[in-house]
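Enquirer: Below is the structure I would like to discuss, written out as structure tokens.
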Amino acid sequence: MQPHYDVIVVGAGVIGCSIAYHLAKGGKSVLVLEKGSIAGKASKAAAGMLGAQTELEEDSPLFQLAKGSRAMFPELAADLKNLTGIDIGYEQNGIYKVARTEAQAERFKSLVQAQQLLGEESHWISADELQTREPALIKEVYGAMFIPNDGQVSAPEMTKALAQAAVTLGATIKEYTEVHRFVKEDGELKGVETSAGLFSADDVVVAGGAWSEQLLKEMGVELETFPVKGECFSVKTCNRLITGTVFSDDCYIVPKAGGRLIIGATERPGSFEETVTVEGIARLMEAATRTLPALRDAVWETAWAGIRPQTKDALPYLGVHPEFKHLFMATGHYRNGILLAPITGTLMADLIDGKEIEPSWRSAFHVNRSVLKA
934 MQPHYDVIVV GAGVIGCSIA YHLAKGGKSV LVLEKGSIAG KASKAAAGML GAQTELEEDS
994 PLFQLAKGSR AMFPELAADL KNLTGIDIGY EQNGIYKVAR TEAQAERFKS LVQAQQLLGE
1054 ESHWISADEL QTREPALIKE VYGAMFIPND GQVSAPEMTK ALAQAAVTLG ATIKEYTEVH
1114 RFVKEDGELK GVETSAGLFS ADDVVVAGGA WSEQLLKEMG VELETFPVKG ECFSVKTCNR
1174 LITGTVFSDD CYIVPKAGGR LIIGATERPG SFEETVTVEG IARLMEAATR TLPALRDAVW
1234 ETAWAGIRPQ TKDALPYLGV HPEFKHLFMA TGHYRNGILL APITGTLMAD LIDGKEIEPS
1294 WRSAFHVNRS VLKA
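Take 934 as the starting number for the sequence shown in my numbering and just add one per residue.
Laid out in structure tokens, this is it:
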């Protein structure tokens, strides 16, 4: 007979592993089921930007969620290093949001003022000052919005560290174990049936990224989600060309340790194809070398694609099924899965424990806003 668990988490990406880690940290017995390998999909493909202010420009529940999650990274990085020995590559090296046109410069200047009024640290950097700070960047820009508190991590290492930390705290992770259906008795969710047999639990959390809805349909749930394919590539240089991440309207360039740079990302909504196209990479190359000309002399490393889960209203689903009180959902994080992983883990653990959460978050991210009976 299979053991009974307090919680089964479906999906061993960064969201699922964060949930498992925080549940195990709170004393729950946790089983994580993963169809493939840990960090095998979007979490492996992500560049690891922590762009709370870079990508989420205006105050909103999602902005507040992102800020709260960003603030967790210094302590989380230290805790994971102590538990697992894995360095997740956390750097608070700032992000430059580069203005290529006068109109962009005026918008970014207004955005700097708006974020400062919210109490956030943000600065306008003139073109001359930007050249002093980042001399490898193209000179023909109007300046940049600099966000010092946004940073980065290694997405694959962070996911693996969360998984290993969860196991250290007592969780069980089963890779290459596909969930086929949910097990119900008398209208109550009791567990899941998998390729490795039946597993029972008090609660089940679906955190399968872009593949979550395919599984949830079996429970009569249709979330308004869709996949967005993104292509990236990486190169290596002898010296670190830039100190901070560079974010423009057509690409981002993320400097990693050892002279490595990740450049991304294309967007193709509605595609589950994890293929890399010449057109996509060529477009990124053209945009990146226009921003950072020295990239032309960089050494090619590799290219890849990832599938990100997006929702129609661009907000994640974080909550419980409206009818099955033991079925929880955490999906739809789109480009911000790495950034939002820490706070998603704590929020879902709190929901499962029956604790109160921030009312604006409960309202904004509840699953009822689009859950339909199939």
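Even glycine gets a Cβ: it sits at the ideal position worked out from N, Cα and C.
Remember, it's a predicted structure, so these values are computed and weren't measured experimentally.
#1: Within a Cβ cutoff of 8 Å, which residues of the same chain sit near Leu1284, ignoring the five residues on either side of it in sequence?
#2: I want to see whether chain B comes within less than 8 Å of Met982, judged by CB atoms only; does it?
#3: Does the count of Cβ pairs from the stretch 1120-1129 and the stretch 973-982 closer than 8 Å reach three?
#4: Between Ser950 and Ala1099, how many whole angstroms is the CB-CB distance? I'm expecting something under 8 Å.
#5: Going by C-alpha distance, which of Thr1105, Thr1158 and Arg1003 is nearest Ala1263?
#6: Shortest alpha-carbon distance to Leu959 belongs to which of Gly1278, Trp1237, Val965 and Glu1200?
#7: Using a 10 Å radius around the Cβ and a threshold of 16 neighbouring Cβ atoms, would you call Trp1144 buried or exposed?
#8: With H, G and I counted as helix, E and B as strand and the rest as coil, what does DSSP make of Gln1046?
#9: How about Gly1141 and Gly1239: do their beta carbons lie closer than 8 Å?
#10: Can you give the Cα-Cα distance for Ala1134 and Pro936, rounded to whole angstroms?
#11: Taking the C-alpha atoms as reference points, what is the distance between Lys961 and Asp1183?
#12: DSSP three-state call for Ala1129: helix, strand or coil?
#13: Contact check, Ile1271 vs Ala1088 under 8 Å by CB: the rounded distance?
#14: For Leu1131, is the classification buried or exposed, using 16 other Cβ atoms within 10 angstroms of its Cβ as the cut-off for buried?
#15: Between the C-alpha atoms of Ala945 and Ile1058, what's the straight-line distance to the nearest angstrom?
#16: Take the Cβ of Val1138 as the centre, count every other Cβ of all protein chains shown within 10 Å, and call the residue buried at 16 or more, exposed below.
Expert: The relevant details are as follows:
#1: Leu1251, Gly1252, Val1253, Phe1261 and Ile1290
#2: Of the protein chains in the structure, only one exists, and it is not chain B.
#3: no
#4: It is Cys, not Ser, that sits at residue 950 in the sequence shown. With a Cβ gap of about 6 Å, Cys950 and Ala1099 count as contacting.
#5: Thr1158
#6: Inspection of the sequence shows that residue 959 is occupied by Gly rather than by Leu. For Gly959, the nearest C-alpha among the options comes from Gly1278.
#7: buried
#8: helix
#9: no
#10: 9 Å
#11: 44 Å
#12: coil
#13: 5 Å
#14: exposed
#15: 40 Å
#16: buried
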